[in-house]
Every structure is written in structure tokens, then in C-alpha cells.
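Protein chains in written order, with this note's numbering: chain A, 209 to 781; chain B, 12 to 454. For glycine and all other residues, C-beta sits at the position ideal for the given N, C-alpha and C. I have placed the structure first, in the form of C-alpha cells, so that the comments after it can refer back to it.
Here it is as C-alpha cells:
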């Protein structure tokens, strides 16, 4: 069975692999991923398909980066954040769906108050308030106007309308009148702006496209916002807002100038970090627990540093050193901290903080798949899981969907193997292959995960399990391989790996799932990525300069969501 | 609600149960005629909550062998024996799949809570706690409180697809949220509204002023999302409104102490501690009208509970533990199932431990306790164990075991919604679509 037409990259077909594939594989039918076509004519961007205007919620990291950039990194954010909604593997896509809970709005208000109190405090107001009021105890309309206009632009990412400005100035005035202090008036109006949907949500706006009558385009401010959060994970800076105001983002040169400028800022690292945090599903660490009796070395400090290790390695390699994405699966270069050194059994000189390190050649470790973070995240609390590891690897790095186990499986065949002395994960899982219902999916996951069995549920090295020597042979897409290094090399050489990254990065950038009409564009992106030697900033540049990234299709009629409001109107299905 | 005179409240009552319920519980009434009021069950604040435990049960240890009031208490329900009269046991009620793929530990749970089985986690309707909260949860500081005892940051309270109400996992954070800044001690002497609160209130008015204009610019789906945002802001406004008026006095209320920091993970002994702490804080919060609706997730539906030093979790055991031939069931799984009922007792103890009127907080609460499946090993959604505990101020009848005989579980969801005043004639889709309440529960 051929799943894909030779020479054609079909991302959505890949992601939609379902139970059918599992069952097909149960019958022993292999499949092969094809490389993106070398003779592709797609060296120019295909006609953009575009998508709807979106209303995306700021993620926690975007909220934090935005406050740091608009004010200062040390301005306190006291509220808590609701866990992001993950859709199709990405929280970035979830930001366009779902709605805010009462909890979230309550906590946003807590954050708004802590930010506003700090910014207008006696100690810091000289820095953050752009004007000197005539008196600290009287209302100064000119100064309040300026404060609201300045921060309105920065927080709403567009100039305020005169009504909006007047409304917030009025709040400042009422505050001053009630509380006596001009700065307290500013404090409360700032709280209002930070609680506003225009700040918490990225509300995109369109305007008629002068180049094409009847068509719409994103307005300059909305373009700036898409661009900025994609390339810096933060709000547009002053120069980008200036360019937006001047209409420069609607011209090729103007856009290219901003894209290249942003790609050269240190904030690019923040964007790469945020994307991979999302793609690697590190939000899962918030409720990942390990049994301290089984894994005494796995402490909360280790869990925190393990994530940082992987993200640091990725950011250094991709953003700072402009390395080949595929090398992340083979590189021995990494970062270590003291708490991690204990777990990895490697010396760490630096007492606090991080040092560049290398996995020794005989350590069985190479590439981020052997980092404690990924190994621990995809294991059980008290043991490793080749199945979870294999499944996550397919879903995260290959953009495939491995179905859930069928509900009515008879597990009794597995049970006997589990409690045998000298039992290994391989032995236990071997039982699944005897059952055609299980075998389909386990053949997708286990041969990958078993190569990582030298690492226990907390990511520590082990040669034996229950006294038995561990066999780390496995396979990926029909190719036999041995151990973590073999897996890393196979991933490095697998053309689906960079294709999947291009797809995820694009979906993250646009904040929605892609339609079939966008597949040619993805093919084009993958081709660009390859010709740029798989450098991620170059891929980001291709996306940021593409017309597809900004293109607005005519509003699509979407089915209303099922919510309380809908239910009230009797629309419950 | 700006004035809390006895007159206002009486007027509220005249306007019907809903308005009456939206008012805080006041002792001035009970002093006069407490018992009578309590006996009518209409005029005391009524609370609704759910309590979920994961991975089902061992039927022979949980289902009473006979129906009605005179059943013999089965071993796993023994911890709840003190509440026999306040508890209705429902066995044999099914989530009907109608061919919908059964996503393990999700489909049964969400089907039971929305009346619509879904093949994943994307609900097609709000969960029943949210619908009930729309009726009884107005006018309090929190529309609802969601708690999770096993460190899992999720809840099964959904306002809509992709819109869960997140759970608190830390007793310390829960305490801070309820009894920290913004909490008014109901019995504190001398009330003076804070001018800052008044300013904050006007700030929110400025935020919501633009509502119409913003809504107009959005497509249908985003308009609904924005509507939810404004509804959430409304809660914030309400919190400030409440702070601007003197709090209603509450009998027997003492300010709880802040809990010490605890270990939060899935070790069952830690979970029991955190669960009990959170149950106690919740009960206090209910007693002083901080909320009327709650959802407690004791263990996640694919229960990650484990015993210290064991490499297995409750969930993995359901699939991997062999059946003990002597017992006829999985022994370790049974241990977790029994432990879950001990936890349930802890929770009910917390509610019953607070005096209210002539009875306890439990009497004025309707608690639906349920799991996500019956036999976890097979992820069976037929006969998911359910209990109704507390009579919701006399709105439902308890004290019996009722066998569902493969009836739709949505009958219970429909019954409790009607009992709580939700205007709903029929509920659920397909084979779950029902207009039949459970007569033992409601008339």
C-alpha cells in the first residue's frame, strides 16, 4: 500500500493517518516516506490560499514578553495563567479557539494590578510616565492624554480611536478625583487597558486591498502583530509600529527590511524557544510526577533544568549558531547545570547557572531525543514507556497521529508478562504483537521507543532492567537500527522530520490548521527549507516574507461553537 | 443587589426561587423561622457540585445486591455508611455511544456530563454543572470553583468546546484565591468600602463600554468567544460589587487558617491529604457564599494515582494486573477503587461538618459523584457508577439504591438539572436523548 504519491509531500495526508494505517501495518505492510520532490517547480510561492481574520489570545510567554518589552523585564506579574489549549499538537493553534474562563480574567486582573502599581509607583514613575504632571495631586489632562495615547498604542498594538482615548483618560480623571493622586488615576487606567480584550487578544483587522478591487488585506497594524509575535514572540517594537504606520509593511522592500531587522534581534531566540516549548509539549511538565522512591534523582530542580537544557541546546544551535535543524537529533553538544550533572553523572564546573557541555562518546547519548526532558516526559511515573516515547516522537517530530488504543482491548495477554521476574519492556510489549488489534499501532510506536530503553522513566542511563540485559534494537520506517544513536541518525536522515517542522512552524505562525489548498505552499516551504540547508531562521524568513502568511481569504462561514451562550439560544445539538 | 436589608431578601423570595437563591444566606431569617425555612428547601442557598473519581469500580464490591432503601451496604461503599440516608446509589445507567468511538476515559465521562458522547475531548455542549451554575451560581464571588487533588491541572467542567474551567491543584493557592485578597470576613465588625474598589469598578465599566462595537466586528465563532470574555469580566465586576457592600453575616464561620505547603503529586497518600484540605476550604467557601457550584476531580479519569515505590499507576494496573483467581477481580485495582470511596467520605464529611440552619451544609448541597467508566480494564461505559449525595435543600430524594437496567445515564443529568431549576425538558442526543427524569430522585 502506498500512502503517498511518489515525489509528493502531502502533509495533511500524513497527519490524518489513522487507525486504518495501524491496521494495515498489523498486516505487515510497510510504507515509505518520500522526500520532497527534488525537481519541484515550486521555487516561487504558489498562489496564496489564505485564511480568516483571527482572534488569538496571548500565550503566557507572549504576555510576559510583551509586558517586559513595553515596560521592563522586572515589572512583576502577580497573576497565574490558565494552561493553554492544545489543538492539533500546538497551543499556538489553540490560541484561536476556546474562550477565557472566569479564572483567567480574574488572574489577568491580578497581573494588571501588579504591573500598573509598579509602573506608576513613586520609585519608577519617572521612567515610565512620559510626562510630568503640573501637580501630583491634581488632574493633568495633557499628561493623561499622552500616557493613554502612548501606552494605548503599545498595548493595543494600534493607535487608539479618539473615543477609546477619551474613555481611558476619563478613567484616569475619575481615579484622581476619588483617590487624590494623579498617578493613581494613571494606575487604574492602565489596569483598564491591561484588562481589555484589545490587549489580551490579538484582534486582527482587514482593509480593502488597493491592489485588487473587492479583495481584503490585513491592515498594517495586524501585519505588524503577526510578524512580531512570530519572529520575536512579543509585541511590535517602536520601529515596527512606525513602519506599520507608514504603510511600509505593504511593500516588498519595506516588509523585507523589517523581517531582516527582527531576525537579527536577540528576541529571535525568544521566538525559537517559545515555538519549541510548544512543539515539544513542555506544558506537560506542569503535571508530570515521578515516584521519588523509584527515581530519587528526579527532583523539581531537575525537572526545571531538564526543560531548560533542551531549549537552550535548541536555541543555541538553531538561532545563535544557525545550525542545520536535523543535527539536533545527532549533536553531542548540550548544556548542563549542577542538578543535571548529578542525573547525567557528568562533572559540572559552574556552581550556579549553565555551561556548554558535550555528551561523551560512550554515554549512549546524542541529540535531544536523549535529553532527560523528553525521556522523562514520555514515561510513566515509575517506569519508562517505549510506547509513549514512540508515539510522542511520531506526533511531535513526524506530524503523524497515532490513534488511541481501542477501548475494548483484552489486556489479559499482556498481564502475565508484566509480573514475571526478569521482565523487560520488550518482553511485555512483545505480547501486543500477538494481538492484531494492538499490533497495528504498537508497530508504529514500540520499535522506535525500544531503542531508548537504556534510559529509565526519569531519563537516567541503565544497562539492565529487572536484572536482564536491555536489547535496544528497533526500527524506523522499515530500517533496522540500534540504540539511541541509531535512532538519532535515522531521524536526522528522515525527510519527514524537516517537512514536519516546516508544517508546524507555519501552523504556529498563522495560528490555525492548514487547509488542503495550502499544501502546495507547504511543499514550497519545505523546498526552501532544504535549499537553505535546514536553517530555521531562514525558514522563518521564508514564511515571514510569503504572501500566504498575511493573506486574508473572504470570511468563511464557520459553524457556531457549542457554548453556554449557544445552548441558551437552544442551539445545542 | 446593593442593599442587604431583610426586606430586600423577602422581596427576592417573593419573586421566586431563583432570585431568592441569588441572595446570600442570612441568619436573620433562621433566628426567626430557621427550621421551617430549611424544611421548605426553597429559601436556603442551594449548592451543586460534582465529585469525580477515575477508573470505575469493582461491581461486586460496589453495587448493592438489592434495590430500594433496605439494601445491604456493599463493602466498598462501607465508608459512606454514615450517609446512607443522604445518599442515592445509581448502578446500571449507561452512556449510550450510538456508534461514537469510545475514547478511553473521556467518552463516558463527558457523555455523562453533557448528555452527548464525543469521540475525544471536544465537548458538543456545556457540562451540566455549568448549566446549573447559570441558574444557581449567580451573585456569588466565584461562578464556580474547580479543584483537582492529584496534581492534574484539568477539570471536566466545560463552558464549551476547548473552554474548560481550570482546576486549582494546590491547597495553598486555593486558600489564597478564596480567603486572600478580596475576601471579606462575614463577621468582621465595621464595614467601610474601599474607594479603590470603586475606582476598579469604574475601570471595568470602561472596559465593557466598547462591547457592542467589538462584537460587531467579529465572526460568529469569535463573537461567542468574546461573549465568554465579557461574561468572565462580569464575574470580576460582581466580585467588586460584593466588596462594596457589607458582607452577609454567617453563623458558625471562623476564618480558616492558611494551610501549610504540601507535596503535590499523584502519590495516593499525598492526594488524600490535599483532597481533604481542599474539601475543607471549599466547604468553608460554600458556607460563606463565595460560590455555590464546584467540581472536584479526586483522581483523573485515567487515574494517575499510585502507591509510593510502585512502578504502576491505578490506570496501568487496570490494564495489566491479572485477575486474582481467588477473588475474581484485580486486587490492586480494587484497593484504589475502595480508597476512592474513602476519599468520597472525606469530602462528604467536610460538607456535613458545617452547621447550617437546622442541618448541615450537606443538606443544602446536591453532590453528584461519578466515575468515567464502569470496568476500567475494558473502558466500559455501561453502568458507570454514580451517586447523588445530599438532597440539595430537599430538592431530591435520597436513601436508596436504584438499578438503571441499561437506561441512559442522561436521565440522572436531566433530573438534577431540573431539581436545580434549569429550564430543560429533554437532554442529550441520540439514545441519550431523554425527557424521563428518575422518579425516585425527583417527583
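One question on the structure: do residue i and residue j come within less than 9 Å of each other, judged by their Cβ atoms?
| i | j | result |
| --- | --- | --- |
| residue 275 of chain A | residue 318 of chain A | no |
| residue 256 of chain A | residue 759 of chain A | yes |
| residue 63 of chain B | residue 362 of chain B | no |
| residue 367 of chain B | residue 300 of chain B | no |
| residue 692 of chain A | residue 680 of chain A | yes |
| residue 444 of chain A | residue 365 of chain A | yes |
| residue 536 of chain A | residue 575 of chain A | yes |
| residue 295 of chain A | residue 177 of chain B | no |
| residue 408 of chain B | residue 452 of chain B | yes |
| residue 266 of chain A | residue 410 of chain A | yes |
| residue 389 of chain B | residue 69 of chain B | no |
Quick one: grab the DSSP three-state call for residue i.
| i | result |
| --- | --- |
| residue 459 of chain A | coil |
| residue 435 of chain B | coil |
| residue 308 of chain A | coil |
| residue 327 of chain A | helix |
| residue 493 of chain A | helix |
| residue 159 of chain B | strand |
| residue 82 of chain B | coil |
| residue 433 of chain A | helix |
| residue 374 of chain A | helix |
| residue 335 of chain B | strand |
| residue 198 of chain B | coil |
| residue 298 of chain A | strand |
| residue 340 of chain B | strand |
| residue 98 of chain B | strand |
| residue 537 of chain A | helix |
| residue 210 of chain B | helix |
| residue 411 of chain B | strand |
| residue 398 of chain B | strand |
| residue 106 of chain B | coil |
Identify the residues that DSSP records as bridge partners of residue i: which are they?
| i | result |
| --- | --- |
| residue 278 of chain B | B/317 |
| residue 289 of chain B | Partner(s): none; residue 289 of chain B has no beta bridge. |
| residue 59 of chain B | B/304, B/377 |
| residue 760 of chain A | A/259 |
| residue 410 of chain A | A/264 |
| residue 416 of chain A | A/424 |
| residue 367 of chain B | B/370 |
Determine the direct distance from the alpha carbon of residue j to that of residue i, and round the result to whole angstroms.
| i | j | result |
| --- | --- | --- |
| residue 561 of chain A | residue 548 of chain A | 11 Å |
| residue 672 of chain A | residue 634 of chain A | 12 Å |
| residue 259 of chain B | residue 197 of chain B | 6 Å |
| residue 747 of chain A | residue 438 of chain A | 12 Å |
| residue 272 of chain A | residue 392 of chain B | 43 Å |
| residue 340 of chain B | residue 444 of chain B | 34 Å |
| residue 354 of chain B | residue 507 of chain A | 28 Å |
| residue 387 of chain B | residue 639 of chain A | 20 Å |
| residue 720 of chain A | residue 368 of chain A | 28 Å |
| residue 248 of chain A | residue 742 of chain A | For residue 248 of chain A, the predicted model reports a pLDDT of 48, less than 50, meaning its position is unreliable and no value from the coordinates is stated. |
| residue 501 of chain A | residue 320 of chain B | 5 Å |
| residue 98 of chain B | residue 110 of chain B | 33 Å |
| residue 131 of chain B | residue 464 of chain A | 43 Å |
| residue 650 of chain A | residue 280 of chain B | 33 Å |
| residue 645 of chain A | residue 614 of chain A | 8 Å |
| residue 412 of chain A | residue 557 of chain A | 49 Å |
| residue 365 of chain B | residue 300 of chain A | 45 Å |
Tell me whether residue i counts as near the ligand NAP, meaning its Cβ is closer than 8 Å to at least one heavy atom of that ligand.
| i | result |
| --- | --- |
| residue 201 of chain B | Looking for the ligand NAP in the displayed structure turns up nothing, as the structure carries no ligands at all. |
Three-pair Cβ contact test at 8 Å for the stretch 406 to 417 of chain B versus the stretch 89 to 103 of chain B | yes
Between the stretch 418 to 425 of chain A and the stretch 229 to 248 of chain B, are three or more C-beta pairs nearer than 8 Å?
-> no
Taking three-plus beta-carbon pairs below 8 Å as touching, is the stretch 700 to 707 of chain A in contact with the stretch 652 to 659 of chain A?
-> no
State whether the stretch 370 to 378 of chain B contacts the stretch 318 to 337 of chain B, with contact taken as three or more CB pairs (one from each stretch) at a distance under 8 Å.
-> no
Determine, using beta-carbon pairs with one atom in the stretch 481 to 496 of chain A and one in the stretch 709 to 716 of chain A, whether at least three such pairs fall under 8 Å.
-> yes
Flag this pair as touching only if the stretch 302 to 312 of chain A and the stretch 514 to 521 of chain A have three or more C-beta atom pairs under 8 Å; answer yes or no.
-> no
Specify whether the stretch 154 to 167 of chain B and the stretch 271 to 288 of chain B touch according to this definition: at least 3 beta carbon pairs, one from each stretch, less than 8 Å apart.
-> yes
State whether the stretch 425 to 436 of chain A contacts the stretch 451 to 465 of chain A, with contact taken as three or more CB pairs (one from each stretch) at a distance under 8 Å.
-> yes
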